[in-house]
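K.L.:
Quick one: this structure, given as structure tokens, is what I'll be asking you about.
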Amino acid sequence: MFKKKNIFYSVDTVKKSKDLLNVKIRGWTVSRCDHEALKVEILNRKTYKIRIKPVYRKDVNEFLQLDDRRKLGFEIYIQSKTPLPKYFVLKFSDEYGHTAYKRVSEINVYRMTLKESFAFYSQLARERGLSYTVQRIRAQTREQWDNYSQWIYENETLPTKAENLSENDFSYKPKISIVTPVYNVDRKWLDALIKSVCNQTYSNWELCLADDCSTNPEVRPALEHYRDSDRRIKVAFRKTNGHISEATNTALSLASGEYIGFMDNDDLLAPNALMEYIRAINEDKTRDFIYCDEDMISVSGRRFNPFFKNAWNEELLLNHNYITHFVVVSRQLYESVGPLNSEMDGAQDYDFALRATEKARNVYHIPKILYHWRTIEGSVAENPEAKNYAYDAGKKALENALERRGIDGEVAIGEEYGTYTINYERETDPTVDIFLLCDHDTKVETVLNTIDTIQATTRYPHYKLYLAGYPDDFKVSEVIEKGVYVLKPLPINKMLELSDGDYILFLNPYLQPLYENWLTNMVTHLQRPHIGAVGGKILNTQGRIVKAGYNYNRSKNRLIKTQVGVKGFTMGTYYRLMSTTYIFATDEDCLMVSREDFEKVGGVGMDTPPLIKGIELCIKISQLGLRTLFTPQAAFYQPYPQEDTEELVLLGQLKDCAVDPYTNPTLLEREV
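In the numbering used here, the protein residues as written are 3 to 674.
Right, here's the structure in full:
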């Protein structure tokens, strides 16, 4: 795409007027050589009136760490007396001879993807460190919590009756050993770290610090001072610099507690953090791997960018280390797993999380922000994590995990830094019956376009297309000639009796697949153990999410369409749109199940309303011990808008047995 990979560009939107006489193209550009905007030109100009306007983009300048008012954004206005063409060809160039061309339209915009974002984040990680880079990515992709200070006030005001816990409330009071590698940390951040531990409302802890041969002369006296002032603080001074894994292992050698927590040398714990972990352990002593929500804290003490994590979601961890901080494990689990692996430096925490969760009896998530990740400009520039092999280390950690688990698959770095993609081996080639669920109001043109698109783009060959019901005045012969089977309107259970495929895919007739491998991807995932249903994402003409699965708020009996309105080719909230992940459910607009499982659960209820039918299937299949999986590779374009349905609720037995085991309760309340 780029000559010498030295230019970046993003075309965010292409919007035409209804009369097709005007178009606005919006995006941004930058040269890596001088961080200046690129020259943007329209090649198929003809006699159009064109105006290209440089604009200031705050989001881009923050993304690129440029604090000035440099105008890296662009807006292109094109006017014509006759209808404009479907596509425009843009030329991007800088003063150093680097050039790129891109054809764009309303449905074919262009944003940074794997190659470009990897190159950018590789450079950033080399210059600023891996931890800093991950912080930056999260900061850019999370929802902007403008009212986060208010949320803190409303949810964390202590003490309250419900949260005014005491050690006397618990019968089991184990010691928690907090292990922290130390290297050239600023004295004030080290002081803040230790103070946050000493201020814990739970007192049975020890802090094990291992200095990794710091060259900062402030570090050793500070550590000696704290060691001498509190017997719960232990310190080791390494004789050689071993980097983060070896330093952490040295700290681990000091630990004597029944539980072990991992903490970085400039971060903070909330005052009630350890008490919440003790409560979780007392509620269920099988919980041997525990983590919590976290946020970031600036040098001025301002908290921002909260990370409200999923409850335990093994699939998500195979795509992205969403767990990070504050991990506490039982000593028994730690001794079973073993120390950190120095060969994984740069991704040592990811490697440990993968190994530990494999052997854990009970992985548990505390849905409270108990850890504050310090963001310091330039603080990790010399950190060992900043080495370029950090990317490969994460990939290697995941490859090792697949080998340990006996899973055949190829690991690749994902489309955004911090994510990975696993291409699983397909065991067999099952046949798939694709049901386009139509009714008498369905547009004939839409059905024909969908059929043509599926047949033209689908690489997986073992499928049959069924037109399940059809529009009024529909010429059945038109689709029969295309090799499509036509069924009269029947209940879903009856329809399936007329087909014989191994897998069943319900699909909205308004959807057109965007990728050739969409069906291959869904089939491959459905073959995996523990997967009972697979769904994808649906985008509108602006490239924004219409559907990407459902969350469920049990207390309000509300089914929540997640990520609606979010740009479909971005990460979404907390990597949600870029990673395969377990979800509560999806509906029959895009839902694949096996015929065997469909028959096991008795199909769907005769009286179940539309869209709830698919959700009912997901709930029933979950009772078989199987999970519903979202895959971003099954992406569909919806060329014609459909009216939003009324609020969806669950009734009767479905309501009684429905549980969303993954979504963070804070996100459920905010209906993200």
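Every residue, glycine too, gets a C-beta built ideally from N, C-alpha and C.
For Glu260 versus Pro176, is the C-beta distance shorter than 9 Å?
P.N.:
On the sequence shown, position 258 is the one that residue 260 refers to. On the sequence shown, position 174 is the one that residue 176 refers to. Yes, these two residues count as a Cβ contact at 9 Å.
K.L.:
In the DSSP assignment, find the unbroken alpha helix (DSSP H) run with Trp191 in it and report its ends.
P.N.:
The residue you call residue 191 lines up with position 189 of the sequence shown. Element bounds for Trp191: 189 to 200.
K.L.:
Just the C-alpha distance for Phe600 and Ala275, rounded to the nearest angstrom, thanks.
P.N.:
Locating residue 600 in the sequence shown gives position 598, where the first residue counts as 1. Locating residue 275 in the sequence shown gives position 273, where the first residue counts as 1. Distance between the alpha carbons of Phe600 and Ala275: 44 Å.
K.L.:
Which residue comes first and which comes last in the beta strand (DSSP E) that contains Ser101?
P.N.:
Residue mapping note: residue 101 aligns to position 99 of the sequence shown, counting from 1. In the sequence as displayed, the identity of residue 101 is Thr instead of Ser. Per DSSP, Thr101 belongs to the beta strand (DSSP E) from 101 to 106.
K.L.:
Could you check if Val365 belongs to the surroundings of the ligand ADP, using beta carbon to heavy atom distance under 8 Å?
P.N.:
No copy of the ligand ADP occurs in the structure displayed, which carries no ligand at all.
K.L.:
Which residues does DSSP list as the beta-bridge partners of Asp213?
P.N.:
The residue labelled residue 213 in the question sits at position 211 within the sequence shown. According to DSSP, which records beta bridges pairwise, Asp213 is partnered with Val184, Phe239.
K.L.:
Please go through the same chain and pick out, in chain order, the residues whose beta-carbon is closer than 8 Å to the beta-carbon of Tyr336, but skip the five residues on each side of it.
P.N.:
Position 334 of the sequence shown holds residue 336. So the qualifying residues of the chain are Leu254, Ile262, Ala358.
K.L.:
Kindly indicate which three-state DSSP category Lys675 falls into: helix, strand or coil?
P.N.:
What the structure shows of the chain is the stretch from 3 to 674, and residue 675 is not part of that stretch, so it cannot be assessed.
K.L.:
Run through the segment 347 to 373 for me and flag every whole alpha helix (DSSP H) of 4 or more residues, listed as ranges in chain order.
P.N.:
350 to 361, all fully within the segment 347 to 373.
K.L.:
Need the endpoints of the beta strand (DSSP E) that Trp153 sits in, please.
P.N.:
Locating residue 153 in the sequence shown gives position 151, counting from the first residue. Premise fails: Trp153 lies in the alpha helix (DSSP H), 150 to 158, not in any beta strand (DSSP E).
K.L.:
Is Asn553 closer than 9 Å to Leu670 when the C-beta atoms are compared?
P.N.:
Stepping through the sequence shown from its first residue, residue 670 is reached at position 668. Stepping through the sequence shown from its first residue, residue 553 is reached at position 551. For Leu670 and Asn553, yes; Cβs fall inside 9 Å.
K.L.:
Since Pro56 sits in a beta bridge, which residues does DSSP pair it with?
P.N.:
The count along the sequence shown starts at 1 and reaches residue 56 at position 54. BP columns for Pro56 point to Phe76.
K.L.:
Closest to Glu43 by C-alpha separation, out of Ala458, Tyr103, Arg59, Asn364, would be which residue?
P.N.:
In the sequence shown, the residue the question calls residue 43 occupies position 41. Of the listed residues, the one whose Cα sits closest to Glu43 is Tyr103.
K.L.:
Quick one: measure Cβ to Cβ for Tyr98 and Ser12, integer angstroms, because I've assumed they're closer than 8 Å.
P.N.:
Residue 98 sits at position 96 when you count from the first residue of the sequence shown. Residue 12 sits at position 10 when you count from the first residue of the sequence shown. Actually they are not in contact, since the Cβ atoms of Tyr98 and Ser12 sit about 20 Å apart, beyond 8 Å.
K.L.:
Entirely within the segment 574 to 648 and at least 4 residues each: give me those alpha helix (DSSP H) ranges in chain order.
P.N.:
Taking only runs of at least 4 residues, the alpha helix (DSSP H) segments lying wholly in the segment 574 to 648 are 597 to 602, 614 to 624.
K.L.:
Once the 5 residues before and after Val449 are set aside, which same chain residues still bring their CB inside 6 Å of it?
P.N.:
Position 447 of the sequence shown holds residue 449. Pro511, listed in sequence order.
K.L.:
Tell me the residue span of the beta strand (DSSP E) that contains Cys659.
P.N.:
On the sequence shown, position 657 is the one that residue 659 refers to. Segment 654 to 659 is the alpha helix (DSSP H) holding Cys659; no beta strand (DSSP E) there.
K.L.:
Report the rounded CA-to-CA distance for Pro491 versus Met497, giving the unit in angstroms.
P.N.:
Translated into the one-based positions of the sequence shown, residue 491 becomes position 489. Translated into the one-based positions of the sequence shown, residue 497 becomes position 495. One C-alpha to the other measures close to 8 Å.
K.L.:
For Ala636 versus Tyr517, is the C-beta spacing smaller than 9 Å?
P.N.:
Taking the sequence shown and counting its residues from 1, one reaches residue 636 at position 634. Taking the sequence shown and counting its residues from 1, one reaches residue 517 at position 515. Against a cut-off of 9 Å, the Cβ pair of Tyr517 and Ala636 comes out as a contact.
K.L.:
By Cβ distance, which residues of its chain are closer than 7 Å to Val481, with the 5 residues on each side in sequence left out?
P.N.:
Looking up residue 481 in the sequence shown gives position 479. Answer for Val481: Ile453, Leu469, Val488, listed in chain order.
K.L.:
If you count every other CB in all the chains shown that lies within 10 Å of the CB of Gly503, and 16 or more means buried, which is it?
P.N.:
In the sequence shown, counting from the first residue as 1, residue 503 sits at position 501. Gly503 is buried by the Cβ-count criterion.
K.L.:
Would you list the one or two residues that DSSP bridges to Tyr552?
P.N.:
Within the sequence shown, numbered from 1, the residue matching residue 552 stands at position 550. DSSP, once it has assigned bridges, lists Lys563, Ala587 as partnering Tyr552.
K.L.:
Please list the terminal residues of the continuous beta strand (DSSP E) segment that includes Pro223.
P.N.:
Here residue 223 refers to the residue found at position 221 of the sequence shown. Note, Pro223: premise wrong, no beta strand (DSSP E); alpha helix (DSSP H) at 221 to 231.
K.L.:
Considering only C-alpha positions, which residue in the set Pro634, Asn495, Ile371, Lys602 is nearest to Pro515?
P.N.:
Within the sequence shown, the letter at position 513 stands for residue 515. Cα-wise, what sits closest to Pro515 is Pro634.
K.L.:
Find the nearest neighbour of Lys73 within the set Lys55, Phe90, Lys83, judged by alpha-carbon distance.
P.N.:
For the purposes of this step, residue 73 is taken as the residue at position 71 of the sequence shown. Per the Cα distances, Lys55.
K.L.:
Which residues in the same chain have their Cβ closer than 6 Å to the Cβ of Ser179, if we skip the five residues on either side of it in sequence?
P.N.:
Position 177 of the sequence shown, counted from the start, is the residue given in the question as residue 179. Here the set comprises Glu208, Cys210, Ala257, Gly259, Ile262.
K.L.:
Just to check my reading of the structure: Asn267 and Thr182 have Cβ atoms closer than 8 Å, yes? What is that Cβ distance to the nearest angstrom?
P.N.:
What you label residue 267 is simply residue 265 of the sequence shown in a count that begins at 1. What you label residue 182 is simply residue 180 of the sequence shown in a count that begins at 1. Asn267 to Thr182, Cβ: 5 Å. Contact.
K.L.:
Within this structure, are the beta carbons of Glu278 and Trp375 separated by less than 9 Å?
P.N.:
The count along the sequence shown starts at 1 and reaches residue 278 at position 276. The count along the sequence shown starts at 1 and reaches residue 375 at position 373. The answer is no: Cβ separation not under 9 Å.
K.L.:
Closer than 8 Å is the cut-off here; do at least three beta carbon pairs connect the segment 324 to 331 with the segment 397 to 412?
P.N.:
No contact exists between the segment 324 to 331 and the segment 397 to 412.
K.L.:
Could you say if the segment 236 to 244 and the segment 289 to 303 meet the contact criterion of at least three C-beta pairs nearer than 8 Å?
P.N.:
Result no; under three Cβ-Cβ pairs closer than 8 Å.
K.L.:
May I ask which residues mark the beginning and end of the alpha helix (DSSP H) holding Gly396?
P.N.:
Taking the first residue of the sequence shown as position 1, residue 396 is located at position 394. Element bounds for Gly396: 392 to 407.
K.L.:
Whole angstroms is fine: what's the gap from Ala313's alpha carbon to Ile533's?
P.N.:
Position 311 of the sequence shown holds residue 313. Position 531 of the sequence shown holds residue 533. Distance between the alpha carbons of Ala313 and Ile533: 18 Å.
K.L.:
Let me know the secondary structure DSSP gives Glu278 once reduced to three states.
P.N.:
As a first step, residue 278 must be located in the sequence shown, where it is residue number 276. Glu278: helix per DSSP, three-state reduction.
K.L.:
Per the DSSP calculation, Gln81 is bridged to which residue(s)?
P.N.:
Residue 81 sits at position 79 when you count from the first residue of the sequence shown. In the DSSP output, where bridge partners are listed per residue, Gln81 has Asn24, Lys51.
K.L.:
Tell me Gly411's beta-bridge partners as DSSP assigns them.
P.N.:
The residue labelled residue 411 in the question sits at position 409 within the sequence shown. Answer is Tyr426, bridged to Gly411.
K.L.:
Which partner residues does Gly29 have in the DSSP bridge list?
P.N.:
Sequence index remark: in the sequence shown, residue 29 carries index 27 (1-based). For Gly29, which the question treats as bridged, DSSP gives the partners Val13, Phe76.
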